[in-house]
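Below is one structure, written out as structure tokens, with a few remarks after it.
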Amino acid sequence: MKFWIRNVLFLLVVLSIVISAGCQEKKTGATGTKGNGAYETLKLRYEGSVGSVTYPELAEDLGYLDPIKLEWIGNQTSGPASIQNAATGQTDFGGAFNGAIAKLIASGAPIKSVIGYYGSDKDTYTGYYVLNDSSIKDAHDLIGKKVGMNTMGAHAEFVLKEYLKQNGLTDEEIKKVTLVVLPPVSTEQALRQKQIDVAVLTGMLGDLAVKNGGIKKLFSDYVLLGPFTAGSYVFTEKFIKQNPHTVKKFVEATAKAIEWAQTHSREEVIARYEFIIKKRGRKEDTNTVQYWKSTGIAEKGGVIQGKEFKIWVDWLKKNGEFKDDQVKLSNLYTNEFNPYKGEIEKK
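Residue numbers (UniProt numbering): 1 to 347.
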């Protein structure tokens, strides 16, 4: 019954996205100055992230985005919510896990990925953490346990279920693992208070939790899948069509910011992030960014590779959520605007 209700709610959300997208034409580009240079709009509405810096924010601070400016409208609660907000015109772009993007596009949402923005490598990854004295030692010990994550239907859930399947759990056994939605900033505390049995923590949050003591890593997406870019920024297809020069500038600037973070020292990146967080004046501390280690992005400048979507499309097919011909990889993303596309293709 819960599964049925969840799918009905998801379809209602998608329906609202498709309807809203039809009304988006009057919203997108309305704040810009057509004819001012090559850009159709000079303002892009977006959601940020508490205590951290997004690559578009870094691009703006480095001057790569000029003359286009970002308009912060609040902080995102999850990737799926972020891309839904972009699809309905509440923001101009959003970002999420590639599997969540594929699901939304397959359901009729007119969005397209334009650049990768997060991923996993040996230094930066999504980890699944337990208390040091936990009885959980392997996948089978998770049966009947609670796993806290920022949202369902996204990166944390997909990776967890892949881990459980790879370790021999049946579909019925996997259903006995309870997923609990928690804000990322509260997940470590919930684990320590034993409200959950496993905490899903990404990158800097995981490192900070381990440093605080009493917590250890059970497994990570990097150990499970190797290095990969996991999520992308999206625009609606209508926004891209109406604002091609603005989108091209956004992707170029964000790609350069990613490349800047990929090639500068850890100390330089942290210092820049501290500067940006303090300058924007949102009353945030900079403790978390001290644990920044890498972008986690597999390719230079966030160039998207088909395999980064294919792995999740195949997973969704295997789990009966996609039909064989429901999704074409070419409809999910484009590298058209990325200045580093040619360098990656020559590899």
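Where a beta carbon is used, it is the ideal one built from N, C-alpha and C, also for glycine. Computed from a prediction, not measured in an experiment: that's the story for all the values here.
(request) Identify the continuous alpha helix (DSSP H) that holds THR263 and give its terminal residues. (result) It spans 244-263 - the alpha helix (DSSP H) in which THR263 sits, taken as one unbroken run.
(message) Among VAL53, LEU65 and VAL303, whose alpha-carbon lies nearest the alpha-carbon of GLN290?
(response) It is VAL53 whose Cα lies nearest to the Cα of GLN290.
(message) Rounding to the nearest angstrom, what Cα-Cα distance links ASP123 and VAL159 in this structure?
(response) Whole-angstrom Cα-Cα distance: 18 Å.
(request) Quick one: measure Cβ to Cβ for ALA100 and GLY153, integer angstroms, because I've assumed they're closer than 8 Å. (result) About 6 Å separates the two Cβ atoms, so the contact holds.
(message) Please give the ranges of any beta strand (DSSP E) in the stretch 37-70, keeping only runs that are unbroken, at least 3 residues long and fully inside the region.
(response) The qualifying runs are 43-48.
(message) Taking the straight line between their C-alpha atoms, what separation do you get for ALA253 and GLU60?
(response) Rounded to the nearest angstrom, the two C-alpha atoms are 8 Å apart.
(request) Would you identify the three-state DSSP class for LYS217, choosing helix, strand or coil? (result) DSSP places LYS217 within a strand segment (E or B) once states are collapsed to three.
(message) Relative to the C-alpha of SER330, which candidate in ASN338, LYS341, GLU343 and GLN305 has its C-alpha closest?
(response) Looking at the Cα atoms, GLN305 is the closest of the given residues.
(message) For PHE97, report the span of its beta strand (DSSP E) as first-last.
(response) Segment 94-97, the beta strand (DSSP E) holding PHE97.
(message) Between THR236 and ALA86, how many whole angstroms is the CB-CB distance? I'm expecting something under 8 Å.
(response) With a Cβ gap of about 7 Å, THR236 and ALA86 count as contacting.
(message) DSSP three-state label for TRP312, please.
(response) Judged by DSSP in its simplified three-state form, TRP312 adopts helix.
(request) Determine the direct distance from the alpha carbon of ALA102 to that of ARG6, and round the result to whole angstroms. (result) At ARG6, the pLDDT of 48 sits below 50, so the modelled position is not reliable; the number obtained from the coordinates is stated separately. Rounded to the nearest angstrom, the two C-alpha atoms are 18 Å apart.
(message) Tell me the rounded alpha-carbon separation between THR187 and GLY302.
(response) Roughly 28 Å between the two C-alpha positions.
(request) Count the CB pairs spanning the stretch 192-208 and the stretch 142-152 that are closer than 8 Å, and state whether there are at least three. (result) Yes, they touch.
(message) Taking the beta carbon of GLU259 as the centre, do at least 16 other beta carbons fall within 10 Å, making it buried, or is it exposed?
(response) Counting Cβ neighbours within 10 Å, GLU259 comes out buried, since at least 16 surround it.
(request) State yes or no: is the C-beta of VAL234 within less than 7 Å of the C-beta of SER78? (result) At a Cβ-Cβ threshold of 7 Å, VAL234 and SER78 do not count as neighbours.
(message) Only counting the same chain, and skipping five residues up and downstream in sequence, which positions put a Cβ closer than 7 Å to that of ASP207?
(response) For ASP207, where only same-chain residues beyond five positions count, the Cβ hits under 7 Å are TYR291.
(request) Please look up how many angstroms separate the CB atoms of ALA255 and ILE68, rounded, as I've assumed it's under 8 Å. (result) Not really, about 14 Å apart at Cβ, beyond 8 Å.
(request) Quick one: residues in its chain with C-beta nearer than 6 Å to the C-beta of ALA156, no 5 flanking neighbours on either side, listed in chain order? (result) Contacts found: MET149 and VAL200.
(request) With PHE235 as the anchor, note down where its alpha helix (DSSP H) starts and where it stops. (result) From DSSP, PHE235 is part of no alpha helix (DSSP H) but of the beta strand (DSSP E) over 228-236.
(request) Report, in whole angstroms, the separation of the C-beta atoms of GLU274 and THR286, which I expect to be a contact under 8 Å. (result) Beta-carbon to beta-carbon, GLU274 and THR286 are separated by about 5 Å, close enough to satisfy the 8 Å threshold.
(message) Restricting to runs no shorter than 3 residues, where is the beta strand (DSSP E) found entirely within the stretch 143-225?
(response) Qualifying beta strand (DSSP E) stretches, in chain order: 146-149, 178-181, 198-202 and 215-220.
(request) Measure the C-alpha to C-alpha separation of ILE111 and ILE105 and round it to an integer number of angstroms. (result) Answer to the nearest angstrom: the Cα atoms are 6 Å apart.
(request) Note down, in chain order, each residue of its chain lying with its Cβ closer than 6 Å to the Cβ of LEU65, except the 5 sequence neighbours on either side. (result) Counting only Cβ-Cβ distances below 6 Å, and skipping sequence neighbours, we find ALA59 and ALA253.
(message) Am I right that GLY296 and ASP121 are in contact with their C-beta atoms under 8 Å? What's the rounded C-beta distance?
(response) Contact between GLY296 and ASP121 holds, with the beta-carbon distance rounding to 5 Å and staying under 8 Å.
(request) Inspect the beta-carbon positions of ALA298 and PHE228 and report whether they are closer than 7 Å. (result) Cβ atoms of ALA298 and PHE228: closer than 7 Å.
(message) According to DSSP, is SER120 part of a helix, a strand, or is it coil?
(response) It is a strand residue.
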